[in-house]
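Q:
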């Protein structure tokens with residue numbers, strides 16, 4: 002966090018908590034979206050590791066679209 006907070010001030014404490022929560026959520030979402038996930042290819046049924054988004058199955062070259070619904 003790049004802001005300075007006066008922890009004895011109630012309004013600064015609320016702002017600190019809000020900013021901290023926002024930073025943590027951003028870090029979690031970034032980590033989730035950058036991971037690899039085991040999925041079953043909808044075309045050939047092979048279990049493969051793919052990142053979020055569109056990928057090609059290494060077995061059949063079919064398209065896999067992995068959409069993550071991150072709700073924190």
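Numbering (my numbering), first residue to last: 2 to 73.
C-beta atoms are modelled at their ideal positions from N, C-alpha and C, and glycine is treated no differently.
What distance in whole Å lies between the Cβ atoms of residue 37 and residue 48, which are believed to be in contact at a cut-off of 8 angstroms?
A: That pair is no contact at about 12 angstroms.
Q: By Cβ distance, which residues of its chain are closer than 8 angstroms to residue 6, with the 5 residues on each side in sequence left out?
A: Here the set comprises 13, 14, 16, 17.
Q: Within its chain, find whatever has a CB closer than 8 angstroms to the CB of residue 63; leave out the 5 residues flanking it on each side and keep chain order.
A: Contacts found: 42, 43, 44, 45, 57.
Q: On the criterion of 16 or more Cβ atoms from any shown chain inside 10 Å, does residue 25 qualify as buried, or is it exposed?
A: The residue is exposed, with fewer than 16 neighbouring Cβ atoms inside 10 Å.
Q: DSSP has residue 56 in a bridge; who is on the other side?
A: The partner list for residue 56 (beta bridge, DSSP) reads 65.
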